[in-house]
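Residue numbers (the working numbering), protein chains in the order written: chain A, 243 to 265; chain B, -18 to 383.
These notes are about the structure you will find just below.
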């Protein structure tokens, strides 16, 4: 099985704005 | 075709042409017979003292420009009647001198010295002495043989000081003649230094007795028709041309073999994988570019690394770009990995670690494997591992499935 790529849109960025990539 | 490279474009030892260095240059005379009431006497016949003639000094006729003109006329510089006079020639740069020759209008001096400067006239050192009386005039023995231990020293010789010919006599000095290492000049730093000069000075120290010449003391002058200096730019075997600089200025070596500097005495920027060396007929000692895989334009030389490499390579790349690092810019910087689908020289080495799944931007330089957070997998840490699922937390992106 190939696992799906992490979906950046699913993350809650509230506390991690500094980690949030430009999308 | 540049003689610094052979037909296969391999570098080879090369020299600028031998040229007449005094030609067209101004010679500074310490004394010139330049007008009344001065007068000088000379001989029309080189062997006949009875051919003496005298004439008054004229303002422009006897100036030192006549020493280096090449119009075919026997125009002479004449000194004032005096015991001493000097002629000084500034060469403008460091030259390798092969000969110095003076053709006299007067009888040759009883004692004459040639000096050279290597620092543009600030200091002078003896180059050669000529005297009928070496001990008395210069406190040196008359020398016929030069031994190896003194081949960088001026000697005194008795030759070329005879009274006759009374006119047209020659005094010539070849700095390498009779020196034991002359045949291996290109391998002798001592002789390479010995022939190097920025300026030359001829000192007329004593003339033959005026009485012997059949003259009164105030009639006896030094007269020289021609001063010739043969030599070439000092380019250390790395240039075949040395053209005049801008506006006819000081000649400049046209440096080859990736060398640079006024005498091709250093390596060009980025050509420091080996130490600079003077070229020899056996080895051009070309400066070699550092191997930075096209990720840097600057490097420095390390003798320690050069020795450690068996004298093969001593360059250390500086300011590696494109996220590369290492002595040859052969590694990726922390956080960057090589894309093996591109050559090592490619600019396209970029970090592929996932910004959320990886713990940082560091990856294995060889495999490209990023360091993944718990529960995350993949080369770039971009997927949740078996038994994990994506969370909403960017801090813990994968959580164990319930």
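Glycine is no exception: its CB is placed at the ideal position from the N, C-alpha and C atoms.
Check                                                                                                                                        : Outcome
Cutoff 8 Å: residue 338 of chain B Cβ touching any chain A Cβ                                                                                : yes
Residue 445 of chain B burial status per 10 Å Cβ neighbour count (16 or more: buried)                                                        : Chain B is shown from -18 up to 383; residue 445 of chain B falls before or after that span and cannot be answered.
Cβ pair residue 87 of chain B, residue 204 of chain B closer than 8 Å                                                                        : yes
Chain-order list of residues whose beta-carbon lies under 6 Å from that of residue 206 of chain B (same chain, five-residue window excluded) : 55, 57, 84, 86
Burial state of residue 300 of chain B, where buried means 16 or more other Cβ atoms lie within 10 Å                                         : exposed
Same chain, Cβ closer than 7 Å to residue 80 of chain B, neighbours up to 5 away in sequence not counted                                     : 153, 154, 155, 211
Every unbroken beta strand (DSSP E) inside the segment 293 to 355 of chain B [3 residues or more]                                            : 296 to 299, 339 to 344, 351 to 353
Meets three-Cβ-pair contact criterion under 8 Å: the segment 209 to 223 of chain B and the segment 186 to 197 of chain B                     : no
Simplified DSSP assignment, three categories, for residue 265 of chain A                                                                     : Annotation note: pLDDT 49 at residue 265 of chain A (below 50); position unreliable, no value reported.
Of the listed residues B:334, B:259, B:355, B:253, nearest to residue 271 of chain B (C-alpha basis)                                         : B:253
Residue 96 of chain B - partner residues in DSSP beta bridges                                                                                : B:107, B:182
Contacts of residue 371 of chain B in chain A (Cβ-Cβ under 7 Å)                                                                              : 248, 249, 252
Which listed residue (B:345, B:-7, B:338, B:298) has its alpha carbon closest to that of residue 320 of chain B                              : B:345
Collapsed DSSP secondary structure at residue 277 of chain B in the structure displayed                                                      : coil
Residue 279 of chain B to residue 253 of chain A span [Cα, whole Å]                                                                          : 45 Å
Within 8 Å, strictly: CB atoms of residue 326 of chain B and residue 314 of chain B                                                          : no
Residue from B:31, B:90, B:298 with nearest C-alpha to residue 60 of chain B                                                                 : B:90
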